[in-house]
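To start, the structure under review is shown below, and the notes come after it.
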Amino acid sequence: MRLPRPRVVPPAEVPAVEPVDFVALDPAEARAFNESVPFVTGPNPPARPFRLAATGEDRARAIDCLAAAQLYEAGDDTTGERAVAQVVLNRLRHPAFPKTVCGVVFQGSERSTGCQFTFTCDGALAAHGWADAAWKRARQVAELMLGGQVYKQVGYATHYHTDWVVPYWQSSLDKVAAVGSHLFFRWTGWWGTPPAFRRTVSTSEPVIAALAPYSDAHRTGAALDEAEGALAAAAVLGTDTPRPQPDDENSFVVTLNAKAGPDSFAALAQRLCGARSYCKVLGWTDKAKTPHFLPLKPDQIASMGFSFLRDRERQLEKSLWNCRQFPRSNPPECMKQQVFVPASEGEPLKPAPAAAPEPPTLSGVRRRGEPTPVPAPSATP
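Heads up, the numbering used here is the position in the sequence shown plus 1275, with the first residue counted as 1.
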C-alpha cells in the first residue's frame, strides 16, 4: 500500500485541510498498517490553555457544539472527550481552520461527504441522540476545556482517526499520541509547533440548526436564523434565488429590492456566501443596470448600490453601500464614488477630470459506518 509522499509546508504557506478520504483496507489490515507507523520522536509540548471570551448565547452555542463533537466522536467517556475537545481547540487557534468553535466542528457539514467530523454530515445527529445525563457530562467537560483546562497527552494535534482506518492525509502528519483506539497527529514542520497556534478567534458563534433538538442556545438561534432568512429573501427583487456567476462560483451579481431596506442587503450577502472563505456580492437596485457578467464596466461600478467582500485569508469581511442611494450614519460604510462621463459620442466612458476617490476594490474524523469508538483509558496524563 502506498500513501502520498509527505510534504512539509513552509511557514509562508498555510497548509490545506484535506478532505477525509480513506484507503480501502479492512479493519485488520488498517490496524496492522497503523502499528507499523512510528510515533514521532522529540518533544510533544502540551497546548497552551484556551479561555473563550464569548458570553451569553455565543458561549452557550460554543459549549454545545464542543459537547456534541465530544459525544459523537468519543462516546460518553470523559478521557476520550477531553482528547477530542483539545483537537477542536487546537484547530480553533490554527489559521488553517475556521475561527469559531461551531465553525471548526461543523466545517464541511453542508456537504454529504467531505465534512471534517463525520457525525455532522452522515445523519448521526438525527438518527442517534444521547441520554440527558451524558449530554450534561459532555457540557461540563466542554465548559472546563473552554475555561482553560488542557489535555496534555495530544499536544498540538489537529487530526485524529481510529486505529481501524487509514486516511490519506496520515502520511503528511506526525503521529504524536494514542488515546484508546484513537491515534492523534500534528502537522510536520513549523505548522505543528506552538508559534503556529496564535490566531485570534471570533466570539460570534454561528447558529447550528441541526443542534436545535439538543441545545436551547441553538434552538433560540434557529428562530433568529429563520428571521434573518426572511430578511435576506426580501432583499432580492423577484422570486428567483441568485446564483453564482457562471465562471466564478464565489461571485454573485444581484438586483436588489430597494423597498426591503439597506440592512437586508448585508443579510442577503451572508446567506449567499454561506461558508465560502472568499466571496463577493455586487448589487444594483435598477434591473436594467444590473450586469450579467463580470468584469464590470465603469458606468456599472458608478451605479452599484451595494457590495460585499469576504476574504478570510486577509481577515477581511466588509459591506459597503452607495450612500447617495442609501445614506448611512457610519461613513466607512459608504462606497467611494467616482463620476464617469463620455469623452465624446461613441467612445467608452472614462473618469471625469476632477480628482475623485477610486471605486471600491471588489476583486478529528470518524469514518461513516465505523464501529462505536472504544472508550479511552480512564487514566489522565
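We treat Cβ as the ideally placed atom computed from N, Cα and C, and that holds for glycine.
Closest by C-alpha distance to residue i, when choosing among the options
i: asparagine 1597; options: Asp1301, Ser1582, Leu1300 and Arg1461; result: Ser1582
i: arginine 1546; options: Phe1527, Val1451 and Lys1427; result: Phe1527
i: proline 1442; options: Asn1365, Glu1288 and Pro1302; result: Pro1302
i: alanine 1307; options: Phe1325, Trp1439, Arg1366 and Gln1575; result: Trp1439
i: proline 1286; options: Asp1522, Ala1343, Ser1311 and Trp1466; result: Trp1466
i: threonine 1495; options: Pro1318, Asp1333 and Ala1322; result: Asp1333
i: alanine 1371; options: Phe1314, Phe1472, Leu1341 and Ala1335; result: Phe1472
i: alanine 1342; options: Leu1458, Met1420 and Val1284; result: Met1420
i: valine 1511; options: Arg1461, Lys1562 and Gln1520; result: Lys1562
i: alanine 1492; options: Arg1326, Gly1331, Val1312 and Glu1348; result: Gly1331
i: aspartate 1522; options: Pro1570, Leu1543 and Ser1539; result: Pro1570
i: lysine 1450; options: Val1312, Ser1604, Pro1281 and Ala1337; result: Val1312
i: tyrosine 1553; options: Ala1406, Asn1532 and Pro1519; result: Pro1519
Those residues which DSSP pairs with residue i across a bridge
i: lysine 1534; result: Bridge partners of lysine 1534: none, in fact.
i: aspartate 1523; result: Gln1520
i: glycine 1513; result: Paired residues: none, contrary to the question.
i: leucine 1595; result: Ser1582
i: proline 1442; result: Phe1297
Residue i classed as buried or exposed, judged by whether at least 16 other C-beta atoms fall within 10 angstroms
i: arginine 1537; result: Checking the sequence, you will find proline at residue 1537 rather than arginine. With 16 or more Cβ atoms within 10 Å of its Cβ, proline 1537 is classed as buried.
i: serine 1447; result: buried
i: threonine 1560; result: buried
i: glutamate 1524; result: exposed
i: arginine 1357; result: buried
i: lysine 1555; result: buried
i: proline 1607; result: exposed
i: phenylalanine 1568; result: exposed
i: aspartate 1296; result: exposed
Helix, strand or coil at residue i according to DSSP, with G and I counted as helix
i: proline 1634; result: Bear in mind that a pLDDT of 41 at proline 1634, under 50, signals an unreliable position, so the model cannot answer this.
i: glycine 1423; result: coil
i: histidine 1436; result: strand
i: tryptophan 1465; result: helix
i: phenylalanine 1392; result: coil
i: alanine 1343; result: helix
i: histidine 1457; result: strand
i: phenylalanine 1615; result: Residue confidence for phenylalanine 1615 is low, a pLDDT of 49 falling below 50, so the modelled location carries little weight; the figure read from the coordinates is stated next. Looking at phenylalanine 1615 - three-state DSSP - the assignment turns out to be strand.
i: valine 1283; result: coil
Residues of its chain near residue i, where Cβ-Cβ distance is below 7 Å and the 5 sequence neighbours each way are ignored
i: proline 1373; result: Val1379 and Gln1382
i: alanine 1696; result: Residue 1696 falls outside the range modelled here, since the chain spans only 1276 to 1656, and no answer is possible.
Same chain, Cβ closer than 8 Å to residue i, five either side skipped, listed in chain order
i: leucine 1300; result: Met1276, Phe1308, Val1440 and Val1441
Spatial neighbours of residue i in its chain, beta-carbon cut-off 6 Å, leaving aside the 5 residues before and after
i: serine 1594; result: Ala1541 and Phe1583
i: serine 1477; result: Lys1374 and Thr1375
i: phenylalanine 1601; result: Pro1537
i: arginine 1368; result: Phe1472 and Arg1474
i: lysine 1564; result: Ser1578
i: glutamate 1592; result: Arg1585
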